[in-house]
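S.K.: Dropping a structure here in structure tokens format, bear with me for questions.
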Amino acid sequence: MQFNKVLAVFCLGILLVCNACKRETKDEKFQRDFQQFTQKECPKFVDPCTRLDSACYDIASRTLSYHYTVQDMLDNETIYTEELNTAHYDDILKGLKNSIQMKPYKDEGINFRYDYRSITTGKMLLELNFTPEDYRH
9 MQFNKVLAVF CLGILLVCNA CKRETKDEKF QRDFQQFTQK ECPKFVDPCT
59 RLDSACYDIA SRTLSYHYTV QDMLDNETIY TEELNTAHYD DILKGLKNSI
109 QMKPYKDEGI NFRYDYRSIT TGKMLLELNF TPEDYRH
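To convert, count from 1 in the sequence shown and add 8; that's my numbering.
Okay, structure coming up:
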């Protein structure tokens with residue numbers, strides 16, 4: 009009987025040591041980091057009309073997504089013309105290319121997604137996607 013208790017404690021100890029040794033992958037770290045970022049920092053206004061609601065990392069698609077809600081003068085479907093959307097795409101891409109803060113994610117070749125929804129209707133007004141091919145050139 010005493011031997012079984014010792015064996016059980018030994019096995020439990022081995023399991024605990026093995027679990028402690030498990031290393032978190034970069035993707036798991038990114039996912040955890042952005043869950044914590046969302047809990048601590050969101051929602052927050054990035055300008056008077058744009059609120060960042062969350063940031064999340066999807067391991068399967070290797071995509072970091074930023075979810076925004078717009079209000080006031082930006083909460084108008086008719087202003088999202090092809091010209092404005094292209095200008096916004098170019099601005100975000102330039103910022104992404106020049107961002108030192110995003111370097112660890114860019115080095116891993118992840119995708120970035122930015123979506124903007126209306127605060128009044130919940131409708132998607134603009135969705136921008138960037139791949140490594142976009143920001144590495």
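Glycine included, C-beta positions come from ideal geometry on N, C-alpha and C.
Since the structure is predicted, the reported quantities are computational estimates derived from the model, not experimental observations.
Per DSSP, what are the beta-bridge partners of Leu72 in this structure?
M.R.: If you number the sequence shown from 1, residue 72 lands on position 64. Tyr65, Phe120.
S.K.: Using only CA atoms, which one of Ile127, Thr33, Lys102, Arg31 lies nearest to Glu85?
M.R.: Here residue 85 corresponds to residue number 77 of the sequence shown, with the count starting at 1. Checking every option, the nearest Cα to that of Glu85 belongs to Ile127.
S.K.: Could you check which residue in Leu134, His145, Arg40, Gly103 has the C-alpha nearest to that of Asp83?
M.R.: The residue you call residue 83 lines up with position 75 of the sequence shown. When only C-alpha atoms are compared, the closest one is Leu134.
S.K.: Between the C-alpha atoms of Asn93 and Asp123, what's the straight-line distance to the nearest angstrom?
M.R.: Numbered from 1 along the sequence shown, position 85 holds the residue referred to as residue 93. Numbered from 1 along the sequence shown, position 115 holds the residue referred to as residue 123. Taking the straight line from one Cα to the other gives about 12 Å.
S.K.: Are there three or more Cβ pairs, one per stretch, closer than 8 Å when the region 92-109 is compared with the region 27-46?
M.R.: These segments do not touch.
S.K.: Distance check for Leu104 and Met110, CA to CA, integer angstroms please.
M.R.: By 1-based counting over the sequence shown, the position of residue 110 is 102. By 1-based counting over the sequence shown, the position of residue 104 is 96. Approximately 7 Å, taken between the alpha carbons.
S.K.: Give the DSSP bridge partners of Thr89, in chain order.
M.R.: Position 81 of the sequence shown holds residue 89. Note: Thr89 sits in no beta bridge, so no partner.
S.K.: Quick check on the burial criterion: 16 or more other C-beta atoms within 10 angstroms. Buried or exposed for Arg40?
M.R.: Position 32 of the sequence shown, counted from the start, is the residue given in the question as residue 40. Classification of Arg40: exposed, given that the 10 Å Cβ count is below 16.
S.K.: By the 10 Å Cβ neighbour count, where 16 or more other Cβ atoms means buried, how is Cys26 classified, buried or exposed?
M.R.: Stepping through the sequence shown from its first residue, residue 26 is reached at position 18. Since pLDDT at Cys26 reaches only 49, below the 50 mark, its modelled position is unreliable, and the value read off the structure follows with that caveat. It counts as exposed.
S.K.: Would you call Ile118 buried or exposed, if buried means 16 or more other Cβ atoms sit within 10 Å of its Cβ?
M.R.: The sequence position of residue 118 within the sequence shown is 110, counting from 1. The residue is buried, with at least 16 neighbouring Cβ atoms inside 10 Å.
S.K.: Quick one: residues in its chain with C-beta nearer than 7 Å to the C-beta of Lys114, no 5 flanking neighbours on either side, listed in chain order?
M.R.: Locating residue 114 in the sequence shown gives position 106, where the first residue counts as 1. Cβ neighbours of Lys114 beyond the five flanking positions: Tyr143.
S.K.: Can you tell which of Glu49, Asp66, Arg70 has its C-alpha closest to the C-alpha of Leu60?
M.R.: Here residue 60 refers to the residue found at position 52 of the sequence shown. Taking only the C-alpha atoms, the option nearest Leu60 is Glu49.
S.K.: So the candidates are Pro56, Ser69, Asp66; which of them puts its Cα closest to the Cα of Tyr76?
M.R.: The sequence position of residue 76 within the sequence shown is 68, counting from 1. Minimum Cα distance to Tyr76 is reached at Pro56.
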